[in-house]
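Heads up: the sequence shown begins at 1 in UniProt numbering, then just goes up one per residue.
Even glycine gets a Cβ: it sits at the ideal position worked out from N, Cα and C.
Notes to accompany the following structure.
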Amino acid sequence: MRMPRYGNILFALAVGLGLAGLGCGKSSPAAPGATATTTTPGTGTTGTTGTTDTAASTAPLLQYDFYTPVSEEGLKADTNYGYLIAKTPTTFKEGLFTAQGLEIVGKFTLDGYNYYRLHKEAGIMNALADLKTTRGVIFAEPELMEKTTAGIVYDHPDPRALSEEYSIFLTHAKDAWTTFGFGPNKPTVVDVDTGINYAHEDLTGNVTHAFSWYNPTTTTTALAAYSDPVDLIGTTQTNTDGNGHGTHTAGTIVATGNNGKGVAGVCWQANLVSYKGLSDAGSGGTWAIYGSLYHLIQWKKANYNHTIPVNMSLGGTSANQFAIDMIEAGLRNNVVVIASMGNTGQNMAQYPAAYSGVIAVGATNGADKKVHFSTSGRHISVCAPGYNILSCDAFDDGSYASESGTSQAAPFVTGLVTYMLTFAPDLTPAQIKTYLESNTDLIEGATGFTETTGWGRVNVLKTIGAVVADVNASKAPASNYINAELKVKTVNTLNGGTLTLTGVPVHLYSCDAAGKIANYVGSSISMAGSLAGTLGSGNPVPEDGVCFFNLLKPGTYVAKGLFSGALGTSPVFTVAAGATSIPDLTVTFALPIYNIQTLPDAGSTGVEDDIITVWNPAGTKIATVDSGNLDSAQLLLTTSGTYTFKIGPYTTSTIGEHALYVSNGSYGADTAPGTYAAPATGALAGSQSQVQATPQAINLNQLYNCLLTTAGNYYSFIVP
């Protein structure tokens, strides 16, 4: 039996989510209302570059913009049409996919759940609708496409970049190499991109795996169904990159320096693992991109015990739950994503950069200014050189190319993180983010955080100097962030009953002790089947109706949720400096939600499977629920009167005994005592009517033992 949850099977309720459009098939974006602001110093924690203030804002400027299809043509324009991603428990019956005409073309299991990549030639709108009401499906979404963030055309070339690799001088990387060298460790770093030419003269010897999700003979066609990415290291195919973007970003991270050839990556004392998650066209589906994180986690568990940075110089304008699950799973296993902000030149969200727990990077030029194309936003962490960056070329083993974009800035920061790990291989994501942000150079007159350049342009010498000083002093690294997740649960409480809610946008704010909001911090959304657990533990626990906020600063917070126009709030809570865990938080609503719950009783044999149909006082059908063997229907009922519902069998062979409980909460146990012939103490016999016109009137908070027959049974209850 599924524990009751409130989400896909909620009726008579519209949940408002801000959406950003890719094309004709999507709702209009919500107005972000965000502008770039520079903070006034004086209230933050003083560090190398001044203060750690954040820009003051009390509005939810950013929330995850999930893609919502509105037409078949929109799906064709906006997604990898025909492909869907679904999440289920491991006990899910895969025949339900087949019955809907869906082919399973990919599958893996992570932390107690199955993730599927499904395919159907046409009718995807209907397929999505069917999946969302299919028994055991936790979420189903179209496979989105993401692409590289390079390809900017410039009419104002930077002359400094044409004559020298200016980034290593501007950031004092060369000074760091000559002052500190590299540490005693050789960390692993990952690049998810268009692949790599690992035979390039500046990369050979530094690439330990060249995984590809694409057919090695074409590099554009996905691998056969159920395939893990193939590793081409040791084969005759030394180049998986027919685009050039991946080889270029890899060079910025690990190209061999001090060898008299070409360029120097930020950290060439490293083992690079390449994942070809994007095709040679420079785009790819979310299954390959974020499935690379799943594959990496499994590889890490078997082969490597230290922190791994992952470069993602790619993005799209829509969030997806599959990506959120994989990024959070990565954080729990000390895998941290560094992502490019995007090249729109606007203040907006691009994913994965805007996901909680990701280190987002903007781009600067040789004049030490933000480049005009670099996307801004409250989620930016730092910036790095990203204009006319010279790096390895994929199409010749000894050639080099100049490219520009936040795609070039992100791998510079990834290389810096890798450099840090040569001295301290077990730095946590929170410590990494603190070192990066506390040792920058503020540019363009900034006195603290801005939405255009974040905490500043990275300084390699300062950052590595800070790491080395802490290592030499045997000092625990400082952290401006807590290396623990804040878990927020969304629930509805009414008349003593409690229901878990899913699909609720949750906004987190910093505040004073009385709850007065001082600053907007971030947004997430409570989901079914989320995985809760300690960062770095790798041992999450499945849970419904929760969302997470990662890498919070010490301080006082309050969370608020918006549900059907109603505002829910949490208690005010404080995150203490140095905390290793954060107490769970609950955002509570008080809405008139009624739960019609069927569950096994002592007379059930396990074959029982029902469908719940509900009519309002006017006799209009308002809900049909078939989401599991014995279902629960949660309904927001704002109109007083008598509601009628039918408990009918899924098929003629799924009849038998069950219990029934209608309330503003849930029964509180997976099974109920008693049988239809001998009801439990305090329970009553159900199944007294098989006629809709004369249903059996039942009481709220009363257990009934019932007998499900082929005719089905009719009941009614009163909403005051």
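Quiz item: Do the region 428–438 and the region 459–476 meet, that is, are 3 or more Cβ pairs less than 8 Å apart?
Solution: These segments touch.
Quiz item: Would the beta-carbon of Ala288 fall within 9 Å of that of Tyr214?
Solution: In the sequence shown, residue 288 corresponds to position 288, counting from 1. In the sequence shown, residue 214 corresponds to position 214, counting from 1. The Cβ atoms of Ala288 and Tyr214 lie closer than 9 Å to each other.
Quiz item: How many angstroms separate the CA atom of Leu131 from the CA atom of Gly95?
Solution: As a first step, residue 131 must be located in the sequence shown, where it is residue number 131. As a first step, residue 95 must be located in the sequence shown, where it is residue number 95. Our two residues, Leu131 and Gly95, have alpha carbons roughly 13 Å apart in a direct line.
Quiz item: How would you write the range of the beta strand (DSSP E) that His119 sits in, first residue to last?
Solution: As a working note, residue 119 is residue 119 in the sequence shown. Here the beta strand (DSSP E) through His119 covers Tyr113 to His119.
Quiz item: Where does the unbroken beta strand (DSSP E) through Phe97 begin, and where does it stop?
Solution: Residue mapping note: residue 97 aligns to position 97 of the sequence shown, counting from 1. Element bounds for Phe97: not the beta strand (DSSP E) but the alpha helix (DSSP H), Gly95 to Ala99.
Quiz item: Does DSSP put Asp393 in a helix, in a strand, or in coil?
Solution: For the purposes of this step, residue 393 is identified with residue 393 of the sequence shown, where counting begins at 1. Here Asp393 sits in coil by DSSP.
Self-check item: Beta-carbon proximity check, Asp393 vs Gly260, cutoff 9 Å
Solution: Working through the sequence shown from its first residue, we reach residue 393 at position 393. Working through the sequence shown from its first residue, we reach residue 260 at position 260. Their beta carbons are not under 9 Å apart, which means Asp393 does not touch Gly260 by this criterion.
Self-check item: Own chain partners of Val230 with C-beta closer than 6 Å, once the 5 adjacent residues on each side are dropped
Solution: As a position in the sequence shown, residue 230 is number 230, starting the count at 1. Correct list, in chain order: Ser212.
Exercise. Quick one: using the 10 Å Cβ neighbour count with 16 as the cut-off for buried, is Gln298 buried or exposed?
Key: Taking the first residue of the sequence shown as 1, we reach residue 298 at position 298. Its Cβ having fewer than 16 others within 10 Å, Gln298 is exposed.
Quiz prompt | Boundaries (first-last residue) of the beta strand (DSSP E) holding Ser524 | solution = Translated into positions along the sequence shown, residue 524 becomes position 524. Its beta strand (DSSP E) spans residues Ile517 to Ile525.
Practice problem: Kindly indicate which three-state DSSP category Asn126 falls into: helix, strand or coil? | Solution: The residue given as residue 126 occupies position 126 in the sequence shown. Looking at Asn126 - three-state DSSP - the assignment turns out to be helix.
Quiz item: Which whole-angstrom value describes the C-beta separation of Gly595 and Asn664, a residue pair presumed to lie in contact below a C-beta threshold of 8 Å?
Solution: Within the sequence shown, the letter at position 595 stands for residue 595. Within the sequence shown, the letter at position 664 stands for residue 664. Per the sequence shown, the amino acid found at residue 595 is Asn instead of Gly. So it is a contact: roughly 7 Å between Cβ atoms.
Practice problem: Evaluate contact between the region 481–488 and the region 313–321, counting only Cβ atoms and requiring at least three cross-stretch pairs below 8 Å. | Solution: Not touching, per the Cβ criterion.
Practice problem: Check each candidate in Leu636, Tyr704 and Thr217 and name the one with the smallest Cα separation from Ala602. | Solution: Reading the sequence shown from its first residue, position 602 is the one you call residue 602. The option with the nearest alpha carbon to Ala602 is Tyr704.
Quiz prompt | Residue nearest to Ile138 in terms of C-alpha spacing, selected from Met312, Leu144 and Ala129 | solution = As a position in the sequence shown, residue 138 is number 138, starting the count at 1. Each of Met312, Leu144 and Ala129 was checked against the Cα of Ile138, and the nearest Cα belongs to Ala129.
Self-check item: Cβ neighbours of Asp158 in the same chain (closer than 8 Å, five flanking residues each side left out)
Solution: Translated into the one-based positions of the sequence shown, residue 158 becomes position 158. Per-residue confidence for Asp158 stands at a pLDDT of 37, beneath the threshold of 50, marking its modelled position as unreliable; the derived number appears in the next sentence. Only residues of its own chain outside the window of five on either side were considered, and among them Tyr166, Asn365, Gly366, Ala367, Tyr387 and Asn388 have a CB closer than 8 Å to the CB of Asp158, listed in chain order.
Exercise. Quick one: residues in its chain with C-beta nearer than 7 Å to the C-beta of Ile380, no 5 flanking neighbours on either side, listed in chain order?
Key: Position 380 of the sequence shown holds residue 380. Excluding sequence neighbours, Ile380 sits near Met341, Ala360, Gly362, Glu451 and Gly454.
Self-check item: Where the alpha helix (DSSP H) containing Met326 begins and where it ends
Solution: Numbered from 1 along the sequence shown, position 326 holds the residue referred to as residue 326. Element bounds for Met326: Gln321 to Arg332.
Self-check item: Beta-carbon contacts of Ala430 that lie in its chain and below 6 Å, excluding the five residues immediately before and after
Solution: Walking along the sequence shown from the start, residue 430 turns up at place 430. Apart from the 5 residues on each side of it in sequence, Ala430 sits with its Cβ closer than 6 Å to the Cβ of Ser479, Tyr481, Asn483 and Leu551 in its chain, given in chain order.
Practice problem: Decide yes or no for the touch test of the region 74–93 against the region 104–123: beta carbon pairs closer than 8 Å, at least 3 of them. | Solution: Because the criterion of three Cβ pairs below 8 Å is met, the region 74–93 and the region 104–123 touch.
Quiz item: Contact check, Thr88 vs Gly136 under 8 Å by CB: the rounded distance?
Solution: Residue numbering aside, residue 88 sits at position 88 when the sequence shown is read from its first letter. Residue numbering aside, residue 136 sits at position 136 when the sequence shown is read from its first letter. Between Thr88 and Gly136 the beta-carbon gap is near 5 Å, inside 8 Å, which marks them as a contact.
Quiz item: Relative to the alpha-carbon of Glu72, which residue among Asn126, Met348 and Lys553 has its alpha-carbon at the smallest distance?
Solution: Within the sequence shown, numbered from 1, the residue matching residue 72 stands at position 72. Closest option to Glu72, Cα to Cα, is Asn126.
Quiz prompt | Sequence-distant residues of its chain with Cβ nearer than 6 Å to Ala577 (five each side left out) | solution = As a first step, residue 577 must be located in the sequence shown, where it is residue number 577. Within the same chain, Pro554 come within 6 Å of Ala577 by CB-CB distance, once the 5 residues on both sides are set aside.
Self-check item: Nonlocal neighbours in the same chain, by C-beta distance under 7 Å from Gly23, ignoring five residues either side
Solution: The residue given as residue 23 occupies position 23 in the sequence shown. In this predicted model, Gly23 has a pLDDT of only 28, less than 50, meaning its place in the structure is not dependable enough to derive any value.
Quiz item: So, are the CB atoms of residue 722 and Val558 less than 9 Å apart?
Solution: Absent from the model: residue 722. The displayed extent of the chain is 1 to 720, so no value can be given.
Practice problem: Taking Glu485 as part of the alpha helix (DSSP H), name the residues at either end of that continuous run. | Solution: Locating residue 485 in the sequence shown gives position 485, where the first residue counts as 1. Careful: Glu485 lies outside any alpha helix (DSSP H) and carries neither H nor E.
Quiz item: Count the other CB atoms within 10 Å of the CB of Gly183; is the residue buried (16 or more) or exposed (fewer)?
Solution: The count along the sequence shown starts at 1 and reaches residue 183 at position 183. Result: buried.
Quiz prompt | Strand pairing of Cys511, partner residues [DSSP] | solution = Numbered from its first residue, the sequence shown carries residue 511 at position 511. Ile517.
Practice problem: Going by CA-CA distance only, name the one from Glu444, Ser689, Ala302 and Pro352 that's closest to Ala326. | Solution: Here residue 326 is taken as the residue at index 326 of the sequence shown, counted from 1. It is worth fixing the name first, because residue 326 is Met in this sequence and not Ala. The option with the nearest alpha carbon to Met326 is Pro352.
Quiz item: Which whole-angstrom value describes the C-beta separation of Val310 and Leu293, a residue pair presumed to lie in contact below a C-beta threshold of 8 Å?
Solution: Here residue 310 corresponds to residue number 310 of the sequence shown, with the count starting at 1. Here residue 293 corresponds to residue number 293 of the sequence shown, with the count starting at 1. About 7 Å separates the beta carbon of Val310 from that of Leu293, a gap short enough to meet the 8 Å contact definition.
Quiz item: Phe645 to Leu708, Cα distance in whole Å?
Solution: As a first step, residue 645 is located in the sequence shown; it is residue number 645 there, counting from the start. As a first step, residue 708 is located in the sequence shown; it is residue number 708 there, counting from the start. Take the alpha-carbon of Phe645 and the one of Leu708: they are about 14 Å apart.
Quiz item: Asn459: buried (16+ other C-beta within 10 angstroms of its C-beta) or exposed?
Solution: As a position in the sequence shown, residue 459 is number 459, starting the count at 1. Buried, since its Cβ has 16 or more Cβ neighbours within 10 Å.
Quiz prompt | Cβ neighbour criterion (16 or more within 10 Å) applied to Thr217 | solution = For the purposes of this step, residue 217 is taken as residue 217 along the sequence shown, with counting starting at 1. Exposed.
Practice problem: Please confirm if the region 562–576 is in contact with the region 678–687, defined as three or more CB-CB distances below 8 Å between the two stretches. | Solution: Remark: fewer than three beta-carbon pairs, one from each stretch, lie closer than 8 Å, so the region 562–576 and the region 678–687 are not flagged as touching.
Quiz item: Using the C-alpha atoms, what's the distance from Leu585 back to Leu635?
Solution: Numbered from its first residue, the sequence shown carries residue 635 at position 635. Numbered from its first residue, the sequence shown carries residue 585 at position 585. Those two C-alpha atoms are separated by around 25 Å.
Exercise. Would you tell me roughly how many angstroms separate the C-alpha atoms of Ala566 and His372, rounded to the nearest one?
Key: Position 566 of the sequence shown holds residue 566. Position 372 of the sequence shown holds residue 372. Approximately 40 Å between the Cα atoms of the pair.
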